[in-house]
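Take a look at the structure below.
Protein chains: 2
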Amino acid sequence: MEKKSSVKTQCCDNGQELTLPDDATAEDLSKLAWAIAHPARIRIIRLLLMKKSCVCGEIVEEMPLAQSTVSQHLKILKESGLVEGEIDGPRVCYCINKSALKQLKRLVGAL
Amino acid sequence: MEKKSSVKTQCCDNGQELTLPDDATAEDLSKLAWAIAHPARIRIIRLLLMKKSCVCGEIVEEMPLAQSTVSQHLKILKESGLVEGEIDGPRVCYCINKSALKQLKRLVGAL
DNA sequence: TTCACCTATCGTTAATCGACGATAGACTAT
DNA sequence: ATAGTCTATCGTCGATTAACGATAGGTGAA
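Right, dumping it as structure tokens:
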């Protein structure tokens with residue numbers, strides 16, 4: 001009867017005998033991706049990129065979230081390396097880590 | 112005393128009176144980013160990009176995870192739009208949705 | 001039809017996230 | 001020194017994730 005097509009190479013085109021190396025970059029990318037996997041964190045990043053402000057307090061004002069919640073998101077962003085915070089007197093000034101952002105773009109771009 | 116610097120424009124350079132539009136793209140990007148925010152899902156995407164296989168069973172074989180777990184990840188990837196699955200007889204053939212991937216790259220690149 | 005195979009879904013469990021209020025710590029200015 | 005301000009952390013709670021085994025559903029072959 002030869003159903004649809006004798007060769008059925010419509011989608012699967014196996015070849016290569018690769019075995020997918022341990023993928024250290026998969027770990028890296030997943031962590032960076034996770035950092036931006038929340039609208040609030042993306043908003044923070046955009047805010048910082050716009051240079052509107054780096055001071056925590058101003059970030060909080062721009063967000064419909066409690067101060068402690070924003071602080072948590074900032075902590076996550078710091079842990080991912082995408083953002084850095086430097087203490088400036090009684091307040092904290094946050095900035096984007098350009099190289100980390102570039103790394104994220106590079107890894108996503110390489111997909 | 113003038114502590115550190117009278118101008119202190121070292122980090123914060125406020126300007127612009129923007130207000131950050133509602134950010135529909137922040138939602139979109141966060142969803143796409145979330146889809147790749149797990150090493151297993153990145154591995155699946157790479158597997159599909161390499162065309163090594165699109166058949167679910169082969170994907171499972173490449174992963175150190177139970178079949179049901181892989182199926183969950185595939186569901187998440189499908190829901191994000193990054194992956195599509197077409198039924199091919201008794202099995203299912205998964206492929207990358209190139210345009211969704213391009214969209215992800217575009218949104219990340221625009222950060 | 002019936003059987004075997006492949007995949008999706010269900011139900012469970014432990015762990016993590018996201019949000020909040022309250023509180024502690026650090027620094028300035030009074 | 002003390003009070004006031006700004007930020008981080010703690011503790012809590014509900015919701016969600018990630019993982020698994022077991023099972024249901026669908027398809028092709030015998």
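In the order they appear, the protein sequences are chains A and B. Going by my numbering, the first residue of the first sequence is number 1, and it counts up by one from there. Going by my numbering, the first residue of the second sequence is number 112, and it counts up by one from there. Glycine included, C-beta positions come from ideal geometry on N, C-alpha and C. From a predicted model like this one, the values you see are computed outputs, not experimental measurements.
Around the CB of Ile153/B, 16 or more other CB atoms lie within 10 Å, so the residue is classed as buried. Neighbours of Ala211/B across chain A, judged by C-beta separation under 7 Å, do not exist; the nearest C-beta is about 11 Å away. At a beta-carbon threshold of 9 Å, the residues of chain A lying near Lys216/B are Lys105, Val108, Gly109 and Leu111, ordered along the chain. Lys31, Leu32, Ala33, Trp34, Ala35, Ile36, Ala37, His38, Pro39, Ala40, Arg41, Ile42, Arg43, Ile45, Arg46, Leu47, Leu49, Met50, Lys51, Lys52 and Ser53: these are the residues of the segment 31-53 of chain A whose beta carbon lies less than 9 Å from some beta carbon of chain B, given in chain order. Of the other Cβ atoms in all chains shown, 16 or more fall within 10 Å of the Cβ of Ser164/B; this residue is therefore buried. One alpha carbon belongs to Glu172/B, the other to Cys204/B, and they sit about 14 Å apart. Counting along the chain, Val55/A sits inside no beta strand (DSSP E), nor does DSSP assign it H or E at all.
Distance between Leu159/B and Thr180/B, taken at the CA atoms: about 17 Å. At least one beta carbon of chain B lies nearer than 9 Å to the beta carbon of Leu29/A. The beta carbons of Trp34/A and Ser80/A sit closer together than 9 Å. A Cβ-Cβ separation of about 11 Å leaves His73/A out of contact with Ala37/A under the 8 Å criterion. For Ile76/A, no beta strand (DSSP E) encloses it; the enclosing alpha helix (DSSP H) starts and ends at Gln67 to Ser80.
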